[in-house]
Structure formats: C-alpha cells, structure tokens
C-alpha cells in the first residue's frame with residue numbers, strides 16, 4: 093500500500109492506494125493529478 097497526499101490550496105487529501113496503482117499511473121512527487129471524492133458519509137471526531 094502507498095499513501096498519496098494531494099494538496100489543493102490549504103486543503104490536504106490523503107488516499108491509500110496499492111503500490112501497483114502508483115506504478116501503473118507512473119506517479120511521482122509533484123505530479124499534477126485529479127482528485128475525485130465519492131462519499132456517502134463523512135465522520136470527523138475529536
């Protein structure tokens with residue numbers, strides 16, 4: 093597994109994807125990517 097951190101302005105998005113996906117997409121540090129969010133439920137706790 094790999095953790096991918098994407099910064100959009102002040103926001104940070106983190107996705108856990110397989111290392112195979114990282115390799116097949118050819119992801120490298122500072123690449124431009126598209127973030128799509130699909131969630132029916134978001135939970136935040138403190």
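In my numbering, the protein residues as written are 93 to 138. We put the beta carbon where it would ideally sit given N, CA and C, even for glycine.
_residue 105 CB to nearest heavy atom of the ligand FAD below 6 angstroms_ = The ligand FAD is not among the ligands present in this structure, which contains no ligands whatsoever.
_From 121, 96, 112 and 111, residue whose alpha carbon lies closest to that of residue 105_ = 96
*Under the three-state DSSP convention, the category residue 111 falls into*: helix
*asked:* I'd like to know whether the C-beta atoms of residue 94 and residue 125 end up nearer to each other than 7 angstroms.
replied: no
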